[in-house]
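Using the working numbering, the letters of the sequence shown correspond one by one to residues 1 to 73.
Data first, discussion second: the structure below is written as structure tokens.
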Amino acid sequence: DVDRQTLVESFSGEKFYLVEVIAFILQYLKDRLVDELSRSFVSLKTTDFDWVITVPAIWDARGKRMMREAAYM
């Protein structure tokens, strides 16, 4: 079982809360998308989009809550 307090370890030995890792990944993907689109089109900002994250219906309430929390970090 994973929850908000679940710790994961990086290759370098640093420990992070899983929710932080998810937040880092979401931030990276968001920044990368905006950068790539800005190269092809006009300059864009993250506020130019309505962001939506979907999760599988099979996820339990804890998993959904953790994803929601990570998205707001």
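Note that the Cβ used here is the ideal one computed from N, Cα and C, for glycine as well.
Since this is a predicted model, take the numbers as computed values, not measurements.
Residue environment: M66 is assigned as buried (16 or more neighbouring CB atoms within 10 Å of its CB, all protein chains considered).
The segment 17 to 30 makes contact with the segment 54 to 72; the number of CB pairs closer than 8 Å reaches 3 or more.
Under DSSP, Y17 shares a beta bridge with L7. For the 9 Å CB-CB criterion, S38 and L29 do not form a contact. Approximately 6 Å separates the beta-carbon atoms of V2 and L18; this is inside 8 Å, confirming the contact.
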